[in-house]
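Note sheet for the following structure.
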Amino acid sequence: MVTAHEPTLIELSELMVEHPGLEMTGAGMVPGWFYRIDDSGIWTREAHPDECDCGGDKVHLRHISALYIVEAYLAAPEQFS
5 MVTAHEPTLI ELSELMVEHP GLEMTGAGMV PGWFYRIDDS GIWTREAHPD
55 ECDCGGDKVH LRHISALYIV EAYLAAPEQF S
């Protein structure tokens with residue numbers, strides 16, 4: 005989930021869903037990392053008091069990887085067929 009907190013400050017977080025079977029029993033947002041977007045469109049991680057403190061860098065880096073995949077798909081969806 006991408007949330008804009010300011011025009012150039014975004015949070016990349018995660019939607020968590022509980023489903024012990026086929027039925028969803030709960031859902032909620034998990035805090036993420038914050039990024040500042042510069043004039044060139046480059047995202048730079050920025051410390052923020054509301055960021056996730058889980059210490060799981062690999063989890064948060066996967067969120068960035070997922071955005072790369074979405075961006076590639078939107079640019080050329082036929083390559084994903």
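So the sequence shown is numbered by the working numbering: it starts at 5 and just counts up by one. We put the beta carbon where it would ideally sit given N, CA and C, even for glycine.
Comparing C-alpha distances from W47 to each of M5, I68, G25, E18 shows the shortest one belongs to I68. Per DSSP, S17 is one residue of the beta strand (DSSP E) stretching across 13-22. Of the candidates L16, P24, G36, E55, the residue whose Cα lies closest to the Cα of Y72 is L16. In this chain, the beta strand (DSSP E) harbouring A31 covers 30-41.
By the beta-carbon neighbour count (other beta carbons within 10 angstroms, threshold 16), G60 is exposed.
A distance below 8 Å separates the beta carbons of H64 and G36.
Going by DSSP, H64 is part of no beta strand (DSSP E) but of the alpha helix (DSSP H) stretching over 61-79.
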